[in-house]
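> I am attaching a structure below and will ask some questions about it afterwards.
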Amino acid sequence: MNEAIRSALEACRRHFTAALLFSALVNLLFIVPMLYMLQVYERVVPTRGEATLVLLTLVLLFGLLTMSVLDSIRSRLLVRAGVRLDSSLAKTVLDATLNRVGGNKRVKRQALRDFDTLRQAMTGPAILAVLDAPWVPVYVLVAFLLHFWIGVLSVVGAVIVVLLAVRNEQVTRERLQQANQAAGQAYAEFDATASSADVVRALGMREALVTGHLAQREQMMRLQTRASLASSRVSAASKFTRQFLQSLALGVGALLA
Numbered sequence: 122m123n124e125a126i127r128s129a130l131e132a133c134r135r136h137f138t139a140a141l142l143f144s145a146l147v148n149l150l151f152i153v154p155m156l157y158m159l160q161v162y163e164r165v166v167p168t169r170g171e172a173t174l175v176l177l178t179l180v181l182l183f184g185l186l187t188m189s190v191l192d193s194i195r196s197r198l199l200v201r202a203g204v205r206l207d208s209s210l211a212k213t214v215l216d217a218t219l220n221r222v223g224g225n226k227r228v229k230r231q232a233l234r235d236f237d238t239l240r241q242a243m244t245g246p247a248i249l250a251v252l253d254a255p256w257v258p259v260y261v262l263v264a265f266l267l268h269f270w271i272g273v274l275s276v277v278g279a280v281i282v283v284l285l286a287v288r289n290e291q292v293t294r295e296r297l298q299q300a301n302q303a304a305g306q307a308y309a310e311f312d313a314t315a316s317s318a319d320v321v322r323a324l325g326m327r328e329a330l331v332t333g334h335l336a337q338r339e340q341m342m343r344l345q346t347r348a349s350l351a352s353s354r355v356s357a358a359s360k361f362t363r364q365f366l367q368s369l370a371l372g373v374g375a376l377l378a
């Protein structure tokens with residue numbers, strides 16, 4: 122199994138390498154709006170240069186369109202990597218699950234779902250955050266090049282955002298685990314019931330089993346709701362912090378000017 126996983130990851134190496142390259146280009150282009158703002162305040166506002174404003178806006182438009190295209194290509198590369206990973210490993214996972222003698226049937230059913238969860242984590246939004254994270258120091262360096270206090274503000278803001286992300290993970294981790302366990306149990310037991318539907322009807326157990334499954338789903342929804350509500354509070358605080366820091370940076374820049 123380990124050899125199969127290494128082979129599958131090796132087959133996807135080109136996709137991940139290309140995604141890393143496109144991430145570098147996308148993050149470099151993130152600087153374009155900041156440069157646009159600086160040029161507008163430095164060159165357009167004092168001189169009322171309308172032609173300069175039009176030219177800068179066209180450059181901004183080109184930069185943002187290029188960034189969107191590169192970001193789309195990066196996402197497509199990761200989607201293709203997920204498809205290749207599935208084609209390389211799904212058969213191995215299924216064979217290993219079906220060839221296993223004895224064992225918990227629920228665990229066997231869960232194996233493929235766990236593989237899908239891993240595949241989505243390696244090729245979904247989570248990996249995009251990992252690819253973008255190394256560029257945070259670059260932006261902090263650019264902020265320090267503008268002015269020392271703007272750099273300090275960037276560092277403080279980055280630390281606050283990271284702490285909020287850690288807090289969000291702490292608040293939701295246990296609740297999400299409980300919700301996922303409840304969901305897995307509910308799905309597994311429903312699969313078992315559905316596969317024995319004829320026997321269930323013959324024994325007159327349909328209403329009782331439906332009631333039991335509804336109770337399981339109610340428990341699952343209760344746990345998922347608790348996790349979502351806890352996450353939403355921290356996410357709202359994180360969004361407020363980011364918006365406030367962006368506006369505060371403009372205020373600090375005006376004060377320094």
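This note's numbering applies: residue 122 is where the sequence shown begins, and numbers increase by one. C-beta atoms are modelled at their ideal positions from N, C-alpha and C, and glycine is treated no differently. Predicted, not measured: the structure shown is a model, and the values here were computed from it.
Taking only three categories from DSSP, how would you classify A378?
Stepping through the sequence shown from its first residue, residue 378 is reached at position 257. Coil, per DSSP.
> May I ask which residues mark the beginning and end of the alpha helix (DSSP H) holding Y162?
Translated into positions along the sequence shown, residue 162 becomes position 41. Y162 -> no alpha helix (DSSP H), and no H or E assigned at all.
> Measuring straight from C-alpha to C-alpha, what distance separates F183 and L141?
Translated into positions along the sequence shown, residue 183 becomes position 62. Translated into positions along the sequence shown, residue 141 becomes position 20. Roughly 22 Å separates the two Cα atoms.
> Thinking C-beta only, is A351 closer than 8 Å to T293?
As a working mapping, residue 293 is identified with position 172 in the sequence shown. As a working mapping, residue 351 is identified with position 230 in the sequence shown. Yes, these two residues count as a Cβ contact at 8 Å.
> Between the Cα of A277 and those of P255, F365 and R338, spot the shortest distance and give me the residue it belongs to.
As a first step, residue 277 is located in the sequence shown; it is residue number 156 there, counting from the start. Residue 277 is actually Val in this sequence, not Ala. Comparing Cα positions, the closest option is F365.
> Is L215 buried or exposed, if buried means 16 or more other CB atoms sit within 10 Å of its CB?
For the purposes of this step, residue 215 is taken as residue 94 along the sequence shown, with counting starting at 1. With fewer than 16 other Cβ atoms within 10 Å, it is exposed.
> Work out the CA separation of A139 and S158 for me, nearest whole Å.
Position 37 of the sequence shown, counted from the first residue, corresponds to residue 158. Position 18 of the sequence shown, counted from the first residue, corresponds to residue 139. First, the amino acid is wrong: residue 158 is Met here, not Ser. Cα to Cα, the separation comes out at about 31 Å.
> Based on Cα-Cα distance, which residue from M188, S193 and Q160 lies nearest to L177?
As a first step, residue 177 is located in the sequence shown; it is residue number 56 there, counting from the start. Residue Q160 is the option with its Cα nearest to L177.
> Are there three or more Cβ pairs, one per stretch, closer than 8 Å when the stretch 193-202 is compared with the stretch 141-157?
Verdict: yes, contact present.
> Could you check whether L344 and Q291 sit closer than 8 Å to each other, using their CB atoms as the reference points?
Here residue 291 corresponds to residue number 170 of the sequence shown, with the count starting at 1. Here residue 344 corresponds to residue number 223 of the sequence shown, with the count starting at 1. Not a contact, by the Cβ cut-off of 8 Å.
> How many Å lie between Y260 and W270 at the Cα?
For the purposes of this step, residue 260 is taken as residue 139 along the sequence shown, with counting starting at 1. For the purposes of this step, residue 270 is taken as residue 149 along the sequence shown, with counting starting at 1. Each residue's alpha carbon lies about 14 Å from the other.
> Can you list, in chain order, the residues of its chain with a C-beta nearer than 7 Å to that of Q340? Leave out the 5 residues immediately preceding and following it.
The residue you call residue 340 lines up with position 219 of the sequence shown. The residues are A303.
> Roughly how many angstroms separate the alpha carbons of N301 and R127, rounded to a whole number?
Within the sequence shown, residue 301 is the residue found at index 180, counting from 1. Within the sequence shown, residue 127 is the residue found at index 6, counting from 1. Straight-line Cα distance between these residues: approximately 28 Å.
> Helix, strand or coil, according to DSSP, for F361 in the structure here?
Taking the first residue of the sequence shown as position 1, residue 361 is located at position 240. Reduced to three states, the DSSP call for F361 is helix.
> Output the distance between the C-alpha atoms of S356 and V257, rounded to the nearest integer angstrom.
Sequence index remark: in the sequence shown, residue 356 carries index 235 (1-based). Sequence index remark: in the sequence shown, residue 257 carries index 136 (1-based). Approximately 20 Å between the Cα atoms of the pair.
> Pull up the distance between the alpha-carbon of L149 and that of T187, whole angstroms please.
In the sequence shown, residue 149 corresponds to position 28, counting from 1. In the sequence shown, residue 187 corresponds to position 66, counting from 1. Cα-Cα distance, rounded: 11 Å.
> Using DSSP with H/G/I as helix, E/B as strand and the rest coil, what is H152?
Along the sequence shown, read from residue 1 onward, the residue named residue 152 stands at position 31. Residue identity check: residue 152 is Ile in the sequence provided, not His. Reduced to three states, the DSSP call for I152 is coil.
> Can you round the beta-carbon distance between F236 and L199 to whole angstroms, since I take them to be within the 8 Å contact cut?
Taking the first residue of the sequence shown as position 1, residue 236 is located at position 115. Taking the first residue of the sequence shown as position 1, residue 199 is located at position 78. Wrong, their Cβ atoms sit about 17 Å apart, outside the cutoff.
> Can you tell me the Cα-Cα spacing of S359 and A250, whole angstroms?
As a working note, residue 359 is residue 238 in the sequence shown. As a working note, residue 250 is residue 129 in the sequence shown. If you take the alpha carbons of S359 and A250, they lie about 16 Å apart.
> Relative to the C-alpha of L284, which residue among A202, L185, R363 and L371 is closest?
As a position in the sequence shown, residue 284 is number 163, starting the count at 1. When each option's Cα is compared against that of L284, the closest is R363.
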